[in-house]
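Asks: The structure follows.
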Amino acid sequence: MNARTEPAEADTAPGTPARPPLIREFLLVAGLFLVYKLGRQLATGHTGDAFRNARRVWDLERTAHLPHENAVQSALLHGDTLVHLANTYYATVHFPATLAFLVWLYLRRPAHYVWARRVLAAVTTAALALPFTFPLAPPRMLTGTGLVDTGRVYGPSVYGPPSSDHLSNQFAAMPSLHFGWALMLAIGLIAATRSRWRLLWLLHPLITLLVIVGTANHYWLDALVATAMLGLALAAVPPPRRTATTAGRGTGVPAGREPVLAGAGR
């Protein structure tokens with residue numbers, strides 16, 4: 002997110018959307034992350050149902066002729082370095098990348114920030130309902146698949162034994178918020194920027210998808226459900242609207258006169 006490559010909306014330009022109050026937004030975003038963590042803990046239990054649902058998901062994927070998760074994991078297991086990088090990506094990128102995304106939008110694109118924050122809140126809230134109705138053990142716990150728990154075997158791992166792990170609900174594999182948030186990050190930055198290279202942001206959800214499947218933390222269906230939920234949230238939450246009639250590049254709009262995006266402070 003290089004400011005030199007992205008046209009910035011001047012804070013002092015007339016009509017620039019006001020940023021929402023910082024303290025309020027800090028509390029809202031902190032609450033979003035807290036709901037993410039605590040909500041999963043509230044849905045603990047239902048171990049038997051979680052494993053029965055895991056077998057159903059696995060069989061459904063094979064019936065639908067989806068690619069085997071084993072194919073992605075086999076590629077990672079060609080070398081210890083690659084699988085270690087995948088585990089590290091899974092463990093360390095998810096939260097910091099989402100937080101950096103929101104901070105950058107807040108500072109540089111306040112209207113897009115409010116839109117993205119609302120979409121993420123909607124997806125996260127809806128996602129937390131699924132573990133109550135459809136607990137799901139991740140593929141790394143499912144026997145007879147040939148998959149291994151790469152985090153436990155190669156490290157680093159973010160999970161301990163399920164019986165003693167009080168920081169997360171390991172039976173809440175569906176949907177994959179790792180993937181849902183990564184996809185929203187890419188969509189948000191593509192919408193908020195105009196660099197000719199902005200489509201490269203799609204590499205983040207693509208890498209995330211390969212990582213969550215290859216490390217056996219999620220099924221393909223977890224990502225598909227997350228995509229569907231994100232699509233519904235994007236349809237329900239209106240994006241910031243342009244009040245100018247041009248995009249400002251190659252249209253004769255004077256330099257420094259960016260089109261204004263309305264609705265930032267709502």
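Position one of the sequence shown corresponds to residue 2 (my numbering), numbered consecutively onward. From the three backbone atoms N, C-alpha and C, an ideal C-beta is built for every residue, glycine too.
What are the residues that DSSP puts in a beta bridge with LEU137?
Replies: BP columns for LEU137 point to ALA173.
Asks: Which term fits TRP182, buried or exposed, when burial requires 16 or more other beta carbons within 10 angstroms of its beta carbon?
Replies: When all chains shown are included, TRP182 counts as buried.
Asks: Comparing alpha-carbon positions, which option in MET230, ASP60, THR82 and LEU35 lies nearest VAL154?
Replies: Here the closest residue by C-alpha is THR82.
Asks: Following the continuous alpha helix (DSSP H) through THR126, name the residue where it begins and the one where it ends.
Replies: Note, THR126: alpha helix (DSSP H), 111-128.
Asks: Is DSSP giving GLY181 helix, strand or coil here?
Replies: Helix at GLY181.
Asks: Would you report the Cα separation of PRO140 and ALA19, rounded to the nearest angstrom?
Replies: The straight-line gap from Cα to Cα measures roughly 45 Å.
Asks: Please report the distance separating the alpha-carbon of THR193 from that of ASN88.
Replies: Here residue 193 turns out to be Ala, not Thr, going by the sequence shown. Their Cα atoms are separated by approximately 30 Å.
Asks: Can you say whether ILE24 is buried or exposed, counting buried as having 16 or more other CB atoms within 10 angstroms of its CB?
Replies: Answer is exposed; the Cβ neighbour count stays below 16.
Asks: Return the CA-CA distance between LEU86 and HIS205, expressed in angstroms with no decimal places.
Replies: For LEU86 and HIS205, the distance between alpha carbons rounds to 14 Å.
Asks: Quick check on the burial criterion: 16 or more other C-beta atoms within 10 angstroms. Buried or exposed for HIS28?
Replies: First, the residue type needs correcting, since residue 28 is Leu and not His in the sequence shown. When all chains shown are included, LEU28 counts as exposed.
Asks: Distance check for GLY145 and ALA112, CA to CA, integer angstroms please.
Replies: For ALA112 and GLY145, the distance between alpha carbons rounds to 49 Å.
Asks: Relative to the alpha-carbon of ALA130, which residue among LEU67, VAL58 and PRO176 has its alpha-carbon at the smallest distance?
Replies: Nearest of LEU67, VAL58 and PRO176 to ALA130, Cα basis: PRO176.
Asks: Cβ atoms of PHE52 and ALA138: under 8 Å apart, would you say?
Replies: Yes, Cβ-Cβ distance for ALA138 and PHE52 is below 8 Å.
Asks: Between the Cα of PHE180 and the Cα atoms of ILE208, SER158, ARG195 and LEU201, which residue gives the shortest distance?
Replies: That would be ILE208, whose Cα lies nearest to the Cα of PHE180.
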